[in-house]
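There are 2 protein chains.
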Amino acid sequence: MSKSTPTLSDVAALAGVSTSAVSRTFTPGASASQETRRRVLAAAEQLSYRPNAVARTLSTRKSRMIAVVVSYLENQFYPSVIQALAQQLQAHGYHLLLFISDDHTSKDNDTDALLLDILQYQVDGIVLASTTLSSGLAARCHAAGIPVVLFNRTANVADVSTVTSDNYQGGKQAARLLLEGGARRISYIAGLEDSSTSQQREAGMLAELEAQGTILYQRASGEYQLESAAQATRKLFDTSSNDRPDAVFVGNDHMAFAVMDVLRNELGLRIPQDVQVVGFDDVPQASWGGYQLSTIAQDATAMILATVTTLLDQITSPPPTSPRHVVTPITVIKRATTH
Amino acid sequence: MSKSTPTLSDVAALAGVSTSAVSRTFTPGASASQETRRRVLAAAEQLSYRPNAVARTLSTRKSRMIAVVVSYLENQFYPSVIQALAQQLQAHGYHLLLFISDDHTSKDNDTDALLLDILQYQVDGIVLASTTLSSGLAARCHAAGIPVVLFNRTANVADVSTVTSDNYQGGKQAARLLLEGGARRISYIAGLEDSSTSQQREAGMLAELEAQGTILYQRASGEYQLESAAQATRKLFDTSSNDRPDAVFVGNDHMAFAVMDVLRNELGLRIPQDVQVVGFDDVPQASWGGYQLSTIAQDATAMILATVTTLLDQITSPPPTSPRHVVTPITVIKRATTH
DNA sequence: GTGAAAGCGCTAACAG
DNA sequence: CTGTTAGCGCTTTCAC
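As structure tokens, then:
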């Protein structure tokens, strides 16, 4: 008969010590003599023993798992984030439990169910990078005493940490860039209407326009989706050339690519001669030859770093911990879609 | 003092039943009377009780977690895969533990360490979508009795399941497409040299070329990276116009975009007039206006479905289970980069 | 520094 | 159908 995977006590038996001795040699700052440690290690090696993380979790109530919930991976911004997040967490000995919660197709209820699911796994923390938020979320996690950080979004609940970039400032800069390029009829293609991110970007743009004595020419929602963004573009530009926008600020790069495609290929417009375009995020593709998109760059590295440290601090320091709200600076990247 | 999260026995006490009764009402196909069930549910509701998945795992030895290891998320093929995988697994009540193992920067050792890490978490299965493979991997997981499926790659070990598309056929079709377009000097830009996928695609192309009485004009490796692919392109095309390739088959779409960029923007060549290009994967961006890349499409949906069912079958049916090797068909997508 | 023993929260025989 | 009783594998007081 094949014996199953070796356990702590198997090692203890082989090494001729107690289970606690074994446990101690596997616990970083524990007291164990050289000799004991040596024998335990030898025995463990011989059995090719691996500690059972689940049992450990049950006992310590620390799983070293972080739940990350995102809504969609089509937008390359999120894969980049996830990759960096996974790597940094791995470096700290944490693992990433990934949840996809499709904002477009799922109801609030589903998200709630997801959350409950997550909590069952005793994750040490949650980073919420999905656009929309379950209303009761913060409360529930707070009640469960589990640290949460909202990534790239904010919420009206005060006691949960957030990490965002300066979307408002970004909106202002986008407007300024377009204005400097001579734009006179500036439109905005929004993301999901209830996304704080999209709202802030729009607010910033509006403020800058007003400051410069102009107003927004038109707006439409692209809902963070390619097809919706394309539709929004058609709608905005379905008019005579004198009336149509001569510049468009798009809620994120992802949508901006779709916007550019219909502008150029369907409508036969030249960018930036006929219409200037600026996006937001600076995803990798923005710099590709096919688009050369002018955009407002988010400092993803800084955002992720802030997220990880905030989370880890929250995890290690005893509650109550006060929520942190870090906002990272943006930078404008001028490429070929603006003058 | 605040009581910590309620447990099974809290519920049992409140409901006035045994812990097993509670456990049973939370176990799908278990025997419990209407009355008991009702009371338990009421008590659970009142305490807002949530079963502890970790304790359950320790007891049942089933975690309902699947580890997914990928090497990079820059290539949009993988985010798409992960998203679909996560959704399908979630639908089956499984969760996705994500590991990033950078093929380019990490040594074999690191991957091994990663694997060990994964095993500690008692995952029910592993899908390996990273390019390179730890040599001892299959053995180790097999020993641990944990199902593995290799996604989009194969290995020389026989007893582990694989899901790939028909890369060989894809290579042939790519060659045929280029040849039909009138290409006479066809080059190949490979992925990582030790990637089975890249090898098979190349082999298929070579076979087709030979069948049609030609040979490969040149080759270079793009290592699945943008910058390397760009370099490879420069190298291949650094010659007089009579000698340079008039067509290039690129190991995947991801690299193909970089190839197109240097062809067009650095070298001033027209696609497809001066050089035809075909990629592999049919990632979302391939159909975008900026590229309109002709490519060999992988049926990601079929691949993922096969992966999930293979894994789940392996998990539910008692060992030993025989490995499955499913290969899904490819289809050629003709867009604007070929004649 | 070390071992004994009592859990962590849940499931799974096994009697009844 | 229900309760009792052992564990699952590891950590952690608490004496020694």
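Top to bottom, those sequences are chains R and D. Per this note's numbering, residue 1 is the first one in the first sequence, and the count goes up by one each step. Per this note's numbering, residue 340 is the first one in the second sequence, and the count goes up by one each step. Here a beta-carbon is modelled for each residue, glycine too, at the ideal position from N, C-alpha and C.
| Check | Outcome |
| --- | --- |
| Rounded separation between D/I635 and R/I82 - CA only | 28 Å |
| Contacting residues, own chain, Cβ-Cβ under 6 Å from D/I465 (five flanking each side not counted) | A406, V487 |
| Interface partners of R/A144 on chain D, CB under 8 Å | T344 |
| Chain D contact residues for R/E45, given Cβ-Cβ distances below 8 Å | None at all; the shortest Cβ gap to chain D is about 13 Å. |
| Within 9 Å, strictly: CB atoms of D/L681 and D/V587 | The question about residue 681 of chain D has no answer here: the residues shown for chain D are numbered 340 through 678. |
| Euclidean distance between Cα positions of D/P345 and D/P390 | 9 Å |
| Touch test, the stretch 225 to 233 of chain R against the stretch 249 to 266 of chain R, Cβ-Cβ under 8 Å, three pairs minimum | yes |
| Counted within 10 angstroms of its Cβ, other Cβ atoms place D/E549 as buried (16 or more) or exposed | exposed |
| Proximity of R/V332 and R/T164 at Cβ, strictly below 9 Å | no |
| R/Q212 to D/N491 span [Cα, whole Å] | 54 Å |
| Interface partners of D/P418 on chain R, CB under 7 Å | L73, P79 |
| Three-state secondary structure assigned by DSSP to D/A559 | strand |
| Residues near R/G182 in its chain [Cβ-Cβ closer than 7 Å; skip 5 each side] | H339 |
| Residue-level contact to chain R via CB, D/R389, 9 Å cutoff | yes |
| Through-space distance from D/R663 to R/E202, alpha-carbon basis | 52 Å |
| Selection of the stretch 361 to 373 of chain D by Cβ proximity to chain R, strictly under 7 Å | none |
| D/S362 to D/L347 span [Cα, whole Å] | 7 Å |
| Candidates D/V617, D/G618, D/M599, of which the one nearest D/R609 by Cα | D/M599 |
| Cβ of R/M260 within 9 Å of any chain D Cβ | yes |
| Rounded separation between D/Q624 and R/Q90 - CA only | 30 Å |
| Proximity of R/S256 and R/A220 at Cβ, strictly below 9 Å | Position check: residue 256 of chain R holds Ala in this sequence, whereas Ser was assumed. No, the Cβ-Cβ distance between R/A256 and R/A220 is not below 9 Å. |
| Partner residues on chain R for D/H527, Cβ-Cβ distance less than 9 Å | Note on residue identity: the sequence assigns Tyr, not His, to residue 527 of chain D. Simply none; closest approach about 22 Å. |
| Status (buried if at least 16 other CB within 10 Å, exposed otherwise) for R/G29 | exposed |
| Inter-residue Cα distance where the pair is R/G289 and D/N604 | 7 Å |
| Bridge-paired residues (DSSP) for R/S165 | R/T328 |
| Supposed close pair R/A12, D/L437 - CB separation, criterion 8 Å | Contact flag wrong, Cβ pair sits at about 34 Å. |
| Selection from R/S241, R/S294, R/S161 that minimises the alpha carbon distance to R/P320 | R/S161 |
| beta-carbon R/S195 near the ligand ADP non-hydrogen atom, thresh 8 Å | The model on display carries no ligand, and the ligand ADP is accordingly not part of it. |
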